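*Asks:* Number 264 in my numbering belongs to position 1 of the sequence shown; there are no gaps in the numbering.
Note that CB positions come from ideal geometry on N, CA and C, so glycine has one too.
Given the structure is predicted, the values throughout are model-derived calculations rather than measurements.
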Amino acid sequence: MGPAAGIEIRKVENEDAEWRRGFDAFYAGRPVKELGRLPHAYFAAYAGDELAGHSVIYRARGRWVMDGLLVKPEFRERGIAKRLTEARIRYAVENGAKEVWYACDDGNLVTICCHLRFGFEKVCPGGRRCTAATAHWYRLKVTPAVRRGARK
Numbered sequence: 264m265g266p267a268a269g270i271e272i273r274k275v276e277n278e279d280a281e282w283r284r285g286f287d288a289f290y291a292g293r294p295v296k297e298l299g300r301l302p303h304a305y306f307a308a309y310a311g312d313e314l315a316g317h318s319v320i321y322r323a324r325g326r327w328v329m330d331g332l333l334v335k336p337e338f339r340e341r342g343i344a345k346r347l348t349e350a351r352i353r354y355a356v357e358n359g360a361k362e363v364w365y366a367c368d369d370g371n372l373v374t375i376c377c378h379l380r381f382g383f384e385k386v387c388p389g390g391r392r393c394t395a396a397t398a399h400w401y402r403l404k405v406t407p408a409v410r411r412g413a414r415k
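In structure tokens, the structure reads:
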């Protein structure tokens, strides 16, 4: 089976009972990031009826922020995280994003490498004092090339 063969990425709603059951089982009781009235979108990767991965993007304090990316171990290394990230970037661009952000521990090299391929750069958010070791934020500036990639 190819890397992402049989995997479908869907935008899901918090009210979707089927997704919610899969999410609750997948995250073993951890709550869904409730975003209230913040502009946001949840994305799920499905292998048939099975939830294989999940992620969210939301807009807070003028920034589009990606969060909550998780792929089940048995579905890793099949390009699912990449496709979930593409979906989130596309959503942000379609909704006027000039930048897309995410935070990550420095030890999470798989996630960092995945996002660096999209053009994310490690930055220190304004108003903070950071060193390379304490800055955990990454930013993607939405350029014409990013916009073209988001239209795929």
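Given this structure, state the Cα-to-Cα distance separating G382 from G412, to the nearest angstrom.
*Replies:* The straight-line gap from Cα to Cα measures roughly 12 Å.
*Asks:* When DSSP labels each residue in this structure, what does M264 get in the three-state scheme?
*Replies:* With a pLDDT of only 43 at M264, under 50, the local geometry of the prediction cannot be trusted, and the value read off the model is given with reservation. Coil, per DSSP.
*Asks:* Should the segment 363 to 371 be called in touch with the segment 333 to 340, which here means at least 3 C-beta pairs below 8 Å?
*Replies:* No, they do not touch.
*Asks:* Please state whether the Cβ-Cβ distance between K345 and C367 is less than 8 Å.
*Replies:* Cβ distance not < 8 Å, so K345 and C367 don't count as in contact.
*Asks:* Pull the bridge partners of H303 from the DSSP assignment, please.
*Replies:* For H303, which the question treats as bridged, DSSP gives the partners Y321.
*Asks:* Using only the alpha-carbon positions, how far apart do Y305 and L298 sit?
*Replies:* Taking the straight line joining both Cα atoms gives about 10 Å.
*Asks:* Grab me the residues of P302's own chain with a C-beta within less than 6 Å of its C-beta, minus the 5 sequence neighbours each way, in chain order.
*Replies:* For P302, where only same-chain residues beyond five positions count, the Cβ hits under 6 Å are R322.
*Asks:* Within the continuous beta strand (DSSP E) that includes G331, where are the two ends?
*Replies:* G331 -> beta strand (DSSP E) spans R326 to V334.
*Asks:* If you reduce the DSSP assignment to three classes, tell me which class L298 lands in.
*Replies:* Coil, per DSSP.
*Asks:* Out of S318, T348 and R341, which one is the CA nearest neighbour of E276?
*Replies:* For the residues S318, T348 and R341, the minimum Cα distance to E276 belongs to S318.
*Asks:* So for G342, helix, strand or coil by DSSP?
*Replies:* Coil, per DSSP.
*Asks:* Give the secondary structure of R273 by DSSP, where H, G and I count as helix, E and B as strand, and everything else as coil.
*Replies:* Reduced to three states, the DSSP call for R273 is strand.
*Asks:* Of the residues A288, Y309, R300 and I352, which one's Cα is nearest the Cα of I343?
*Replies:* Nearest C-alpha to I343: Y309.
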